[in-house]
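K.L.:
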Amino acid sequence: FFFTHTRPQEGFRLLELTPELEELLTSKDAPVLELKSPSTALAQAVVDPTAHDYVNLCTPTQTYRIRQVQSSNSLHILRPSRGEISQADIKVVEEEAGESGALNLPDEAVTAIAKCSSTLELHIPPGGFSAIPFLEKSLRLYDRRSDDDGDIAMGGSADSTGPLGSKEMRTARENMCQDIPVSTAQCEQGWMELCAFVDGAEGVACWRPSARSRLAVWKRLVEGAVLQGIDLEKQFLVADLWKSVLDDDEEMEPPFPRALLEAVVRRICIADERPPLPDDIKWASFDKVECTQWVGETYLAATAPTTSSAIGRSEFLRAWKDCLPETWRGEATLSKLPTGCYNSPDPTTICFVEPSQRQLTNKTASAPATAAKAKNTRNWHELLKGCR
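Residues in the sequence shown are numbered consecutively from 1, following UniProt numbering.
1) By the three-class DSSP mapping on this structure, what secondary structure does Ala109 have?
2) Taking the Cβ atom as the reference point for each residue, do Leu215 and Phe286 lie within a distance shorter than 8 angstroms?
3) For the segment 163-172 and the segment 5-24, state whether three or more C-beta atom pairs, one from each stretch, are separated by less than 8 angstroms.
4) Run through DSSP, which three-state label would Ile180 get?
5) Quick one: Cα of Ile311 to Cα of Val238, how far?
6) Ends of the alpha helix (DSSP H) at residue 405?
7) Look at the Cβ atom of Leu21, then the Cβ atom of Leu120, and state whether they are nearer than 8 angstroms.
8) Can you check which of these residues, Gly128, Ile77, Trp207, Ile270, is closest to Asp143 by C-alpha distance?
9) Could you check what DSSP says for Arg43 in three-state terms: helix, strand or coil?
10) Could you check which residue in Arg67, Glu136, Glu193, Glu273 has the C-alpha nearest to that of Leu42?
11) Of all the beta strand (DSSP E) runs that stay within the bounds of the segment 200-250, which reach a length of 3 or more residues?
12) Is any non-hydrogen atom of the ligand HEM found closer than 7 angstroms to the C-beta of Thr26, if you look at the structure I gave you?
13) Once the 5 residues before and after Leu78 are set aside, which same chain residues still bring their CB inside 8 angstroms of it?
14) Taking only the alpha-carbon atoms, compute the straight-line gap between Tyr299 and Trp328 and give it to the nearest angstrom.
15) Are three or more beta carbon pairs between the segment 183-193 and the segment 261-279 nearer than 8 angstroms?
16) Which same chain residues, not among the five before or five after Leu337, have their C-beta less than 7 angstroms away from its C-beta?
17) Would you kindly check if the distance between the Cβ of Pro60 and the Cβ of Arg170 is under 8 angstroms?
18) Return the chain-ordered ranges of every alpha helix (DSSP H) run that is complete within the segment 313-366 and spans a minimum of 4 residues.
19) Starting from Ile66, follow the beta strand (DSSP E) in both directions and report where the run begins and ends.
20) Per DSSP, Ala284 forms a beta bridge with which residues?
21) Do you know whose CA, among Ser183, Gln62, Thr307, lies nearest Ser344's CA?
22) By DSSP, does Ile117 sit in helix, in strand, or in coil?
23) Smallest Cα separation from Pro257: which of Leu221, Ala304, Val32, Ala319?
24) Looking at the unbroken beta strand (DSSP E) that takes in Lys36, where does it start and where does it end?
25) Excluding the five sequence neighbours on either side, which residues of its own chain have a C-beta within less than 7 angstroms of the C-beta of Thr349, listed in chain order?
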């Protein structure tokens, strides 16, 4: 048996697939996978110690960080000699070539043409991946402040030059997500959670409303629903809700873009009734408990975003209840707020805590970390042997 190898050896990498990814790739309708990394500017803007020089592997619904791992095993790609091999291609031979410059080798001779000295593995960090930090840096901020002189638009205009079609909105959203290094589904989830929307006021632009703007939309929404007799806990037409927020003298200049109202409705509607992000939202209904929780968190983010701006607990609870339909007021208690969303600088005050500052629960910290585990052994000889 003769074994030779070329010089130099070509390099290659073995990518260790998770069981879930292996099943996906071998399925009948295997999806297209994407390699994504953020732009340099976006990577530097996001507070992430691993934000530089990395690439993620994305399925339509999941994101994996690709990282290189040194291996103690040397793996080679072998090529049969086919009975003859050139002297220029080999490093070690068992006998000298003749005048022809070729070696007559038996059929079982092989040549190593490539070598793998390190492998690539897929990793999901504790807590998983989120598009929200990247979207917050990429989307323009839409902030409206109401005072005695009327509404002041900060960071954008309230009225659009014309309604955008679904295709235009989808194109703008997809262009925005191209540099977001997570899967399409995770990007759409982050978009929905931020109540992001596309508007054509200053050209086609993508926006994220401030907590103050989201709260203003909610208050106007509740007022309109009460006046028009819309039961928010039963299915209603979103178009009817939009009409309810318009005053007679505001038909040509709405208080905020319709796309913003639809984004808020999509965020707080019952999840099982929520249509996919690319589809228009035509019908919706709200769950009293979940919606009340969102309103309380949003109010706190709008009025007491930092420790220095903390407000009294009793004042917060009273204002929170005033933002709700009459039959929902009993749901407004501190125990109903999301875990970790508030802090108390002293026993009588309360302030908002940004999601990025909240400690991960054991559940979110441990479950995703195990999801990306491939086979435990790092012995590639055993792994490849098991695939024969």
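Built from N, CA and C at the ideal position, the CB exists for glycine as well.
P.N.:
Answer, in terms of the structure:
1) coil
2) Between Leu215 and Phe286, the C-beta spacing is not below 8 angstroms.
3) no
4) coil
5) 34 angstroms
6) Residue 405 lies beyond the stretch modelled for the chain, which goes from 1 to 388, so this question has no answer here.
7) no
8) Trp207
9) Checking the sequence, you will find Ala at residue 43 rather than Arg. Three-state DSSP puts Ala43 in a helix.
10) Glu136
11) Secondary structure in the segment 200-250: the beta strand (DSSP E) runs of 3 residues or longer, each lying completely within the stretch, are 205-209 in chain order.
12) The ligand HEM is absent from the structure shown, which contains no ligands of any kind.
13) Val110, Thr111, Ala112, Ile113
14) Distance between the alpha carbons of Tyr299 and Trp328 is about 16 angstroms.
15) yes
16) Closer than 7 angstroms at Cβ, skipping near neighbours: Gln293, Gly296, Glu297.
17) no
18) Qualifying alpha helix (DSSP H) stretches, in chain order: 313-322.
19) 63-80 is the span of the beta strand (DSSP E), which, as asked, contains Ile66.
20) Phe236
21) Thr307
22) Before going on, a small fix: residue 117 reads as Ser here, not Ile. Strand, per DSSP.
23) Leu221
24) 34-36
25) Ala310, Ile311, Gly312, Arg313
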